[in-house]
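In order, the protein sequences belong to chains A and B.
Residues in the first sequence are numbered consecutively from 0, following numbering that gives the first Met the number 0.
Residues in the second sequence are numbered consecutively from 0, following numbering that gives the first Met the number 0.
All C-beta atoms, glycine included, are put in the ideal place defined by N, C-alpha and C.
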Amino acid sequence: MIELISVPSLLTVQDAGRTGYRRLGVPVSGFMDGFSARIANYLVGNPGDAPLLEFLLAGPKIKFNASVVFAVAGDVEVKLNGVPIEAWRSYWAKRGDILEVGTLRSGLYGYIALAGGIKCERLLGSCSAYPRADLGRPLKTGDRLSVGYALLTGREGRFLPPKLRPNYSRDKVEVRVVLGPDLDHFTEKGIETFLNSAYTITPESDRMGYRLDGPSVEHSEKGADIVTGPLISGSVQVPANGKPIVMMKDAQTTGGYAKIATVISADLSRLAQSRPGTKVQFKEVTPNEALKELKRREKTLEAIKDFLDGKLRAYSVRALGREFLTFAGKV
Amino acid sequence: MEIKPLGDSAILISFGEVIDDSINARVHAVARAIEKKDFDWLVETVPAYSSLAVIFDPLRASFEDVREAIQPLLGVSAEAFMGRRIEIPVLYGGEYGPDIEFVAQYNGLSVDDVIELHSGKTYRVHFLGFLPGFAYLSPVDERITIPRLEKPRLKVPAGSVGIAGRQTGIYPIESPGGWRLIGRTPLRLFDPGRDPPTLLQPGDEVNFVPIGEKEFWEIHKAEWGDG
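Here it is in structure tokens:
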């Protein structure tokens, strides 16, 4: 059991999301940054999709009421009983220990994973909080959470080398997209504007969608509105004012604005970690290139998991005057 | 019919940009045919008015694989589908339907006319979207159609019944909203503790039944508990 001593910002339980209910209008939700969240889970020996804590910008202060192995993922200062410890490393906390997670130096979402996963009421098959529809709620000071049963030995001391940690840029992020499906609602010039301009993420952005500011995307004579149709996280809607909105994990299931493109799955985590003020540059790829990127990302995550599980060794390799990390061999 | 990628994990089938009962019935028929096949790459389908998204696991199939697999299913007939018939009690007007007088004036009618025209029709649930359990119902009688609010309300109470163009719908949970509100139902349209969590399903036929305030609160108490 853990107790939340202070909760300075949006703190929710998330897992891989809620699928199977989109046709009833229920959003998928789930980890905003699936890459970091899965690594956080691997650090404590959990399956990648186990429920964990997701915080926005600033982390909570937590008291452990039992022995737990935990790990924090994010570019953040972490203290255990007032003593600085490392993010991206798993530790064994004893009953009475206090964990303090500071404010992210870069990135937007941080994760706290506990061995055994957070126990929660599965609503429609998922623990992911979507408070608007009473599917979970934001956590608050005083809340107590149960942790699933897990053997703790061997789960502590796992460490993700700095070279493998995600890098969050504060200035500019390149995000790859598959164009369409509503391209006939845009002029050629509009599509060019979209691909050749830098857009700024505005503060009116949240788990539902990131609103962008920048040069207006021109619609064709068919206009900005379509007969309401399905959309997914990553879909880029462009309303009549020409300013793109990228739908994120809490995206509504359908929408009435023309969709100019969809952010590829491999790049959604990086976009999610981009703060308001960050410039976004879109780059067109084909669905097959998008798939190749996703497969590459999955391979990386699998290698990281095997490395943390002790099944692979990581080696530093010097090449081209730079140091690379590579994995090899079954142990 | 058009088939296009919706990113790298979904495919969008468009049956034409229109709101039409028979096209919508085809959308649902194709969705069911795909769901029935149990493809190992299938995550779920999302039907809308005249388009359908097929969400797939991109690590198990590519866009081309999915397109090829669903091609033979696109011609299924839509006739076999029969929805349920559901009556929705509504307390029209007053604080429960703050826009009903505007809807009446805009169309040169009395408030009673609006109630009669709105409750005198059978609507079909074309799909659920926007919010969990939000049913897109149409078509509304031409004499009571109305444009959306210019500035959406920040808070629309759960159960509010609204009109936008030729569509009508019920807000299942409190949310922002731009539809003109003409009444409220005491029924609970979305309950995460139930499975399925929504009262209405795509394809259902819906009738609105006017009720009084006393009846509203009796049903409300039964549906929502004391809250």
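Identity of the residue in the options nearest residue i by Cα
i              : options                        : result
L116 (chain A) : A:S89, A:P130, A:G106, A:A149  : Before going further, note that residue 116 (chain A) is Gly rather than Leu in the sequence given. Considering only alpha carbons, the answer is A:A149.
V75 (chain B)  : B:V89, B:V29, B:L58, B:E100    : B:V29
E2 (chain A)   : A:S145, A:A128, A:G19, A:L194  : A:S145
F30 (chain A)  : A:E53, A:L10, A:L23, A:N45     : A:E53
S174 (chain B) : B:L41, B:F126, B:V208, B:F133  : B:F133
V82 (chain A)  : A:N64, A:S66, A:G101           : A:G101
P214 (chain A) : A:N240, A:M207, A:T227, A:G222 : A:N240
D170 (chain A) : A:P275, A:K248, A:A313, A:G33  : A:P275
Y90 (chain A)  : A:V279, A:A57, A:G44, A:S125   : A:G44
I172 (chain B) : B:P156, B:S8, B:R165, B:R179   : B:P156
S315 (chain A) : A:A271, A:D305, A:A327         : A:A327
I87 (chain B)  : B:E149, B:E67, B:G107, B:R123  : B:R123
G92 (chain B)  : B:V65, B:R179, B:D64           : B:R179
P160 (chain A) : A:L23, A:R312, A:H184          : A:R312
K221 (chain A) : A:V237, A:A36, A:P50, A:S5     : A:V237
R296 (chain A) : A:R37, A:L182, A:K242, A:R321  : A:R37
M0 (chain A)   : A:H184, A:A39, A:R94, A:A57    : A:R94
F158 (chain A) : A:Y41, A:T253, A:S234          : A:Y41
T56 (chain A)  : A:R104, A:K78, A:L151, A:L79   : Residue identity differs from the one stated: residue 56 (chain A) is Leu in this sequence, not Thr. Taking only the C-alpha atoms, the option nearest L56 (chain A) is A:R104.
Beta-bridge partners of residue i, as assigned by DSSP
i              : result
D74 (chain A)  : A:S105
R88 (chain A)  : A:F158
M246 (chain A) : A:G208
I38 (chain A)  : BP columns for I38 (chain A) are empty, so no partner.
G182 (chain B) : B:Y91, B:V160
S50 (chain B)  : B:S13
Y256 (chain A) : A:D224
P83 (chain A)  : A:K78
H218 (chain A) : A:F185
T18 (chain A)  : T18 (chain A) pairs with nothing; no bridge assigned.
L52 (chain A)  : A:V12, A:I111
Q280 (chain A) : A:E173, A:A197
F207 (chain B) : B:I87
F126 (chain B) : B:Y135
Y129 (chain A) : A:L134
E99 (chain A)  : A:K60, A:K78
Between the CA atoms of residue j and residue i - distance to the nearest angstrom
i              : j              : result
S232 (chain A) : V245 (chain A) : 8 angstroms
V330 (chain A) : G309 (chain A) : Because the pLDDT of V330 (chain A) is 49, which lies under 50, any placement of that residue in the model is unreliable, and the question is left without a value.
S61 (chain B)  : L290 (chain A) : 8 angstroms
A52 (chain B)  : P229 (chain A) : 6 angstroms
T144 (chain B) : F14 (chain B)  : 25 angstroms
S28 (chain A)  : R21 (chain A)  : 11 angstroms
S8 (chain A)   : L107 (chain A) : 11 angstroms
D133 (chain A) : L122 (chain A) : 9 angstroms
I200 (chain A) : V139 (chain B) : 39 angstroms
E141 (chain B) : I18 (chain B)  : 14 angstroms
G158 (chain B) : I181 (chain B) : 11 angstroms
I61 (chain A)  : D48 (chain A)  : 22 angstroms
G147 (chain A) : P196 (chain B) : 26 angstroms
E204 (chain B) : P180 (chain A) : 31 angstroms
E403 (chain A) : A92 (chain A)  : With chain A covering only 0 through 330, there is no way to say anything about residue 403 (chain A).
Q251 (chain A) : G153 (chain A) : 41 angstroms
T44 (chain B)  : I54 (chain B)  : 6 angstroms
P146 (chain B) : A163 (chain B) : 6 angstroms
W40 (chain B)  : W216 (chain B) : 47 angstroms
N64 (chain A)  : V71 (chain A)  : 18 angstroms
V262 (chain A) : N287 (chain A) : 13 angstroms
Y129 (chain A) : R136 (chain A) : 7 angstroms
I218 (chain B) : M207 (chain A) : 33 angstroms
Any chain E beta carbon closer than 8 angstroms to residue i
i              : result
V177 (chain A) : Considering every chain present, this structure includes no chain E. Its protein chains are A and B.
Any non-hydrogen atom of the ligand MN closer than 7 angstroms to residue i Cβ
i             : result
A65 (chain A) : Of the ligands one can find in the structure shown there are none, so the ligand MN has no counterpart to examine.
(Q) Please identify, using Cβ separations under 7 angstroms, the residues of the region 243-254 of chain A that lie next to chain B, in order along the chain. (A) Q251, T252, T253
Q: Determine contact between the region 258-278 of chain A and the region 167-176 of chain A, defined as no fewer than three beta-carbon pairs at a distance below 8 angstroms.
A: yes
Q | Near-chain B residues of the region 176-202 of chain A - C-beta to any C-beta below 7 angstroms | A | V177, G179, P180
(Q) Taking contact to mean 3 or more Cβ pairs, one atom from each stretch, closer than 8 angstroms, check whether the region 35-43 of chain B and the region 105-124 of chain B are in contact. (A) no
Q) Given a limit of 9 angstroms on CB to CB distance, which residues of the region 128-156 of chain B reach chain A? A) G128, F129, L130, P131, G132, F133, A134, Y135
Q) Any residues in the region 31-59 of chain B with a beta carbon nearer than 8 angstroms to a beta carbon of chain A? Which ones, in chain order? A) V42, E43, T44, V45, P46, A47, Y48, S49, S50, L51, A52, I54, P57, L58
Q: Would you list, in chain order, the members of the region 221-234 of chain A that have their beta-carbon closer than 8 angstroms to a beta-carbon of chain B?
A: I225, V226, T227, G228, P229, L230, I231, G233, S234
(Q) Across the region 182-192 of chain B and the region 200-219 of chain B, are there enough close Cβ pairs to call them in contact, namely three or more that are closer than 8 angstroms? (A) yes
Q. Mind listing which residues of the region 11-28 of chain B have their C-beta closer than 9 angstroms to chain A's C-betas, in chain order?
A. L11, S13, G15, E16, V17, I18
Q. On the three-pair Cβ rule with 8 angstroms, is the region 298-306 of chain A touching the region 282-289 of chain A?
A. no
Q: Name, going along the chain, the residues of the region 80-102 of chain B whose beta-carbon falls closer than 8 angstroms to a beta-carbon of chain A.
A: none
Q | Residues of the region 197-209 of chain B with Cβ closer than 7 angstroms to any Cβ of chain A, in chain order | A | T197, P201
Q) Between the region 19-32 of chain A and chain B, which residues of the former have CB atoms less than 8 angstroms from a CB of the latter, in chain order? A) G19, Y20, R21, R22, L23, G24, V25, P26
**Q.** Near-chain B residues of the region 100-132 of chain A (beta-carbon distance less than 7 angstroms), N- to C-terminal order
**A.** L122, L123, R131, A132
Q: For the region 296-311 of chain A, enumerate the residues whose C-beta is nearer than 8 angstroms to any C-beta of chain B, in chain order.
A: E297
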